[in-house]
Structure formats: C-alpha cells, structure tokens
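Note sheet for the following structure.
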Amino acid sequence: MNLDSSQLHVVGSLQEVPKLTEVQIDGIIGPTHHFGGLGVGNVASLANQAKQSHPRAAALEGVAKMDHVASLGVPQFFLPPLTRPHWDFLVRCGWIDSKQRFDRSKQADALKRCADESPALLSAAYSSSYMWTANAGTFCPGTDAVDGVSRLVLANLSSSLHRGMEAVERYLQFSDLFRGVEKVQVCLPIPAVDPLRDEGAANHMRFAAPHPVQSSLGLHVFVHGAGAASTGMLSFRARQSSLASHTISKFLRLPIEQTIFAEQSPEAVDAGVFHNDVIATSNRNLFLYHADAFLNGDQLVREIRTKYETLFGEPLYPLRIDAELIPLHQAVRTYLFNSQILSLPHGGMHLVCPAQCEQSAEVRELIGAWIADARNPIVGVSYVHLNESMANGGGPACLRLRMDWPASWLSDLSMSSLAKYRWNEGTSQKIKEWIDRFYPERLAMDDFQRIDFAEHVTLAVREFPTQG
Ligand code: SUG
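Sequential numbering from 1 applies to the sequence shown in my numbering.
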C-alpha cells in the first residue's frame with residue numbers, strides 16, 4: 001500500500017509535524033539462556049522447566065531475526081547481554097557475604113550451596129530473561145506528552161523472582177544509549193512493590209495515523225490484569241496491576257484523550273496470556289486482537305475506535321480473531337499475536353511471525369487471507385525460527401522494544417551514543433563470531449554450580465564486542 005500526499009488527511013500543517021520513525025531494539029540473548037520454569041503464568045516456561053537449553057542456537061536465532069528486520073529497511077538497534085550470575089542478587093539473598101563476593105572459593109561454595117538448597121534462586125541469578133526487551137519499559141515520544149519530553153519508564157518486573165533485577169541494569173544501558181539525545185528522560189522504575197507491578201511495553205499499545213506525515217500523535221492503550229475482586233477465579237496471577245498502568249500513563253504526561261485503559265480477560269490469563277502482547281497487538285491504524293483477549297472487549301474496541309477516529313479523522317482497521325477460528329490455546333501455542341508488525345519504508349505492513357504460525361494450517365491460511373485482502377495494510381509475511389526463546393514463552397515481539405523516535409535522532413547518530421547500538425552487517429558479523437567463541441552449545445541447570453562455568457559466562461559478557 002503506497003500513500004501519496006494527495007491521499008493524506010493532514011492534522012495540522014505539514015511543517016509543524018515532526019516525523020516519527022519506529023525503531024526496534026532487541027536484547028541479545030545471553031550465554032546462560034536456560035529453562036528455569038520461572039515465568040509466572042507462562043505455560044511454555046512451566047512446561048519446559050529443567051530441559052536442556054541451547055544458548056548458542058538461541059542467540060544465533062535472535063541475531064538472524066535482527067538481520068532480517070534490518071534487511072526490510074527498518075531501523076534496528078540492540079542491547080548487549082547483562083552479566084550473570086548476578087552476584088549482588090546472591091549477596092542480597094544471603095548466599096555470599098558482600099565482603100567475600102570477589103573471593104573465588106567463597107563464590108564456588110555459594111554456588112554449590114545455592115544449587116543444593118535453593119535451585120530456583122540460582123536459576124534466577126543466572127537468568128537471561130533480560131533478552132525479552134518488550135518488558136524493559138514503556139516509551140512515549142515527546143510529541144504525545146503535554147510537556148514535549150520523550151520518556152522511557154523502566155519496568156520494575158516485580159512479579160517474577162528472576163526479572164526484578166533487570167530493571168536497574170537496563171536503566172544504566174538505556175541511559176548510555178540516549179546519552180547526547182535531546183529532550184528524552186530515562187526514568188527509574190516505579191517502586192517495585194506488588195500493587196505497582198509493571199511489565200513494560202508488553203502491556204502497552206500505541207496507535208497512530210496510517211502514515212507518520214499525517215500526524216505524530218499517538219493513542220495509548222494500557223492493559224492490566226484483573227483487580228482484587230476477580231483474582232479468586234484465576235489459576236495464574238496477572239502480572240500488570242491497574243495502579244501501575246495508571247501511574248505509568250501519568251508519569252508519561254499523557255493527555256486523557258490519548259489514553260485508554262483495558263483489562264485482560266481472566267480466561268485469557270488462565271490460558272497462558274501472561275502479557276497482552278501474547279493475544280493482541282497494534283501498529284499505526286491496525287489493531288490485531290483475539291475476541292477473548294479483554295474483559296468487555298466489544299466496549300473497549302468501540303472506545304479505541306471512537307478516540308482513534310476523533311484524533312486522526314481516519315478509520316481504525318480492527319482485525320478480530322474469534323475463538324472458533326483460532327482458540328485461545330492455539331493462539332498461545334503459535335504466538336500469532338506476538339508477531340512483529342513492521343511498517344515498511346515504502347508503504348504497507350509486513351508481519352514477522354514465529355515459524356510455529358506457519359506450522360499451523362489455520363494460522364498460515366489466515367495470514368495468507370490477510371495478505372490477499374487489499375483492504376488491510378498487511379502486504380507480506382516472513383516466518384522466523386526462535387525455537388529456544390519460544391520454549392520460554394518469548395516470540396518475535398517479546399525480543400524487541402519498539403519506540404517511535406523523532407526522525408532527527410536518527411539523522412546523525414554520531415551526535416549521540418545511539419551509533420554504538422545500531423545494528424548493521426558489521427555488528428552482526430562481530431557478534432556472531434563472539435557468540436561462536438563463547439556460548440555453550442548446551443546447558444543444563446547442573447552447570448550453574450560450577451565456578452569455572454560462572455567465570456566463563458562472566459568473561460563472555462566482558463568480552464562483548466563494543467562499537468566504535
Ligand atoms: O517473563 N519468560 C519470559 C517471557 C517474556 C515474554 N515477553 C513478552 N511477552 N513480551 C517471562 O515469562 C522464562 C524464563 C525461565 O523460565 O527460565 C521467562 O522468563
């Protein structure tokens with residue numbers, strides 16, 4: 001689908017509109033990628049607990065996805081892996097004294113004791129869960145904020161034993177990434193307490209005009225889990241609290257007419273929808289969602305449609321998938337809704353779907369029908385193999401945080417430290433060589449208690465090929 005300027009409904013004059021470009025930021029999958037069974041309400045993670053993992057294959061699958069997205073002409077960035085085991089976490093949980101944390105024999109002893117007495121804690125200390133960057137935080141471009149400041153609020157990830165520790169480390173990485181960039185704030189997570197549990201952009205959708213030159217405004221939908229009244233019905237606890245979603249929307253300084261709150265349906269959470277991006281997604285004017293994703297879904301869609309059309313003077317394009325066509329469990333198994341929907345530089349939207357979607361005849365045919373139907377903006381699909389990440393409940397969209405950046409940030413990357421994090425062929429090649437050099441081919445939980453293993457994976461991250 002190509003738009004020329006005569007077809008555009010322009011909100012404001014063209015000169016006033018700072019063009020936004022969507023960028024993808026993926027986390028590199030770490031050398032300790034494993035199946036700890038720690039994902040709350042995450043059926044893949046629970047089913048695969050303690051199976052042998054393949055960190056090298058996992059990381060190369062992630063790299064291949066970034067190569068593919070970049071080859072479509074979409075700006076791709078990356079974040080290096082974090083150091084594991086996380087010794088501060090082990091110190092704070094009492095497995096090693098802070099004064100002895102650099103003492104090799106004390107470390108060796110701590111790893112062994114922790115493996116014997118509290119294996120889940122040791123698995124958490126080694127987790128590579130930072131790779132699912134969609135959970136790193138929630139971003140809002142300054143064009144949407146009443147004070148014109150772009151903000152990234154890091155997520156506290158306080159629902160999960162193994163994920164809360166990511167927040168501060170990612171805060172430091174994003175602070176470096178945005179060094180030298182004007183009018184952007186990287187914000188520490190809201191307090192990591194249960195009533196404010198937050199999982200970042202996995203529970204956030206930003207709708208926008210069909211084409212960025214029409215308007216740089218966004219309509220933000222924040223999705224949270226059930227309130228206290230309905231939690232009794234759930235086998236799985238919802239990870240995002242309503243208070244957290246409301247707090248983040250205020251933090252981002254969003255006007256009320258650009259903000260909507262939605263509640264996940266308890267049936268979806270029980271079927272393994274631990275984040276909204278497992279069952280609904282959006283891109284610009286496209287809303288792809290399962291009929292059973294939300295509580296009072298029809299009312300929500302009406303609200304999104306009304307606010308969308310008021311803001312942009314254009315119709316929303318909702319694609320609703322009913323349970324008769326794709327039941328919830330099949331949506332969760334194939335991760336159709338966790339596909340990346342990418343706006344191509346020359347128009348149209350392209351889906352990057354997990355290979356599991358291609359392997360399901362119903363899902364494959366559905367995607368084929370969307371592409372054949374010229375009324376919607378979807379023009380193509382590619383299927384990517386992310387088997388290791390998928391076995392932990394992480395699809396293509398989980399591995400990336402998307403952000404709408406003012407085009408000026410991208411026009412000269414050398415003015416900031418963004419250039420260090422840009423994905424290109426040279427970076428990809430260096431990172432592949434580094435993966436081949438350091439990543440174990442196979443990993444079992446027993447490896448975690450070996451001090452030589454802990455040292456090897458720590459060295460691996462230290463030797464990450466830095467840019468520039
Ligand atoms: O938080 N899995 C992650 C998957 C995150 C997916 N992200 C999005 N939907 N955006 C999670 O449940 C499993 C790790 C383990 O079990 O070792 C895990 O953390």
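For each residue, glycine too, the CB sits at the ideal point set by N, CA and C.
Keep in mind it's a predicted model, so treat the numbers as computed, not measured.
Cα atoms of A192 and S158: separation of roughly 6 Å, rounded to the nearest angstrom.
Here DSSP, grouped into helix, strand and coil, assigns N283 to strand.
M165 sits in coil when the DSSP states are folded into three classes, being neither helix nor strand. In the structure shown, H346 falls within a coil segment according to DSSP collapsed to helix, strand and coil.
Here L401 carries a strand assignment [DSSP, helix/strand/coil]. DSSP places L121 inside the alpha helix (DSSP H), whose first and last residues are P119 to A125. In the three-state reduction of the DSSP assignment, R206 falls in the strand class, which pools E and B.
Counting every other CB atom within 10 Å of its CB across the protein chains shown gives F294 a total of 16 or more, marking it as buried.
Within the same chain, H33, H34, F35 and L443 come within 6 Å of S53 by CB-CB distance, once the 5 residues on both sides are set aside. Each of T21, I248 and L90 was checked against the Cα of A108, and the nearest Cα belongs to L90.
Between P141 and S150, the CB-CB gap stays under 9 Å.
Relative to I190, the option among W370, L252, R179 and L161 whose CA is nearest is L252.
Under DSSP, the beta-bridge partners assigned to L154 are G137. In the three-state scheme derived from DSSP, where H, G and I count as helix and E and B as strand, D446 is classed as helix.
Under the 10 Å beta carbon count, Q340 is surrounded by 16 or more other beta carbons and is classified as buried. Boundaries of the alpha helix (DSSP H) harbouring D270: P266 to D270, taken from the DSSP string. DSSP, reduced to helix, strand and coil, places E324 outside both helices and strands of the structure shown, so it counts as coil. G218 has its Cβ no nearer than 8 Å to any heavy atom of the ligand SUG.
Under a 10 Å Cβ-count criterion, M403 is classified as buried, with 16 or more other Cβ atoms of the shown protein chains found around its own Cβ.
When the Cα atoms are used, A124 and L161 turn out to be separated by approximately 7 Å. With the rule of 3 Cβ pairs closer than 8 Å, the region 61–77 does not count as touching the region 256–268. Ranked by how close their Cα comes to the Cα of H204, the residues M445, L188, G73 and G225 have G225 in first place. Distances between the C-beta of Q24 and the heavy atoms of the ligand SUG are all 8 Å or more. Relative to the ligand SUG, S411 has its C-beta separated by 8 Å or more from all heavy atoms.
Annotation for V153 indicates a beta carbon at 8 Å or more from all heavy atoms of the ligand SUG. Take the alpha-carbon of E263 and the one of L217: they are about 24 Å apart. The C-beta distance from P406 to V352 rounds to 24 Å, too long to fall under 8 Å, and the pair is not in contact.
Where T310 is concerned, there is no enclosing beta strand (DSSP E), although the alpha helix (DSSP H) around it starts and stops at G297 to F312. Less than 9 Å divides the Cβ of G272 from the Cβ of H329. The distance from the Cβ of L311 to that of L219 is about 6 Å, consistent with a contact at the 8 Å cut-off. Where D26 is concerned, the enclosing beta strand (DSSP E) starts and stops at L20 to G27.
Beta-bridge pairing by DSSP links T259 to H220.
Shortest gap from the CB of V223 to any heavy atom of the ligand SUG: 8 Å or more. Residue state for I96 is assigned as coil, using DSSP reduced to three classes. Residue pairing from DSSP places R422 in a beta bridge opposite F77.
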